[in-house]
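Numbering (UniProt numbering), first residue to last: 1 to 205.
Glycine included, every Cβ here is placed at the ideal spot set by N, Cα and C.
One structure is given below, encoded as structure tokens.
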Amino acid sequence: MEMRTRIAEHDLPPGTRLQELDLAHQFNTSRTVIREVLGTLEQRGLINRIPNRGAVVARLDPKEIYEIFDIREALEGLCTRQATMNAPPETWDPYIELFGPAMEKAIVEGEVEQYIAALEELRSETIRWADNTHAANFLDLVLDKARLIKRRVTLLHGRAEIGREMHLEMLKHMRAGDAAGAEEIKKRIISSAKEWLERYRSFIM
């Protein structure tokens, strides 16, 4: 899990060679275990095996990144709808408060990390209440591959406040039991993030 997180967060950037022996020493384990981990990472599309070079951290091309945003829009929209249908309405009260005035103030003061943490917390709760194993597994896969890009979009000037307002609107629909309305706003949030990515592509990629 630690190696997977380090790749997803670009502590191990694309193109980095992963030597089995070095990794075994670093993680204090056997090369057999490292080989199994690398196999799992390859299946998730996080590394490539290159003849005569071994394992290398994979690069994402722009086409793949845009495809991931499209997949997220469909699956996270679905999970938002299902979570709204499954969860008691009061489930969303703490999140309405979380994304309220205090968060607005934090963003204005440059505390965007607080907003990013709140997004992850809300996403986890939404996926839990959606109770859709296949959607959760697919999202887990694609979010690993696009975590850094998603974060860079969120850090663009003005994006966090726009996202906060949209998430607050979505949460109010979830609180009211409006599953279709909540799904539509969630899709709009991700579509909007994709538009920001396209607009600032040269700064992000």
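{"Query": "Beta bridge counterpart(s) of residue 211 as assigned by DSSP", "Result": "Residue coverage of the chain in this structure runs from 1 to 205, which leaves residue 211 outside it and unanswerable."}
{"Query": "Candidates TYR95, ALA130 and LEU12: closest to LEU119 by CA position", "Result": "TYR95"}
{"Query": "Closer than 7 Å: ALA146 CB and nearest the ligand FMN heavy atom", "Result": "This structure simply doesn't include the ligand FMN, nor any ligand for that matter."}
{"Query": "Endpoints, the alpha helix (DSSP H) within which GLU121 is located", "Result": "112-130"}
{"Query": "Beta-carbon proximity list for ASP178, same chain, < 8 Å, skipping 5 on both sides", "Result": "THR84"}
{"Query": "Which residues DSSP lists as bridging ARG17, in chain order", "Result": "VAL56"}
{"Query": "contact_flag[the stretch 182-198, the stretch 102-111] where n(CB pairs < 8 Å) is 3 or more", "Result": "no"}
{"Query": "Burial state of LYS150, where buried means 16 or more other Cβ atoms lie within 10 Å", "Result": "buried"}
{"Query": "ASP11 - DSSP class collapsed to helix/strand/coil", "Result": "coil"}
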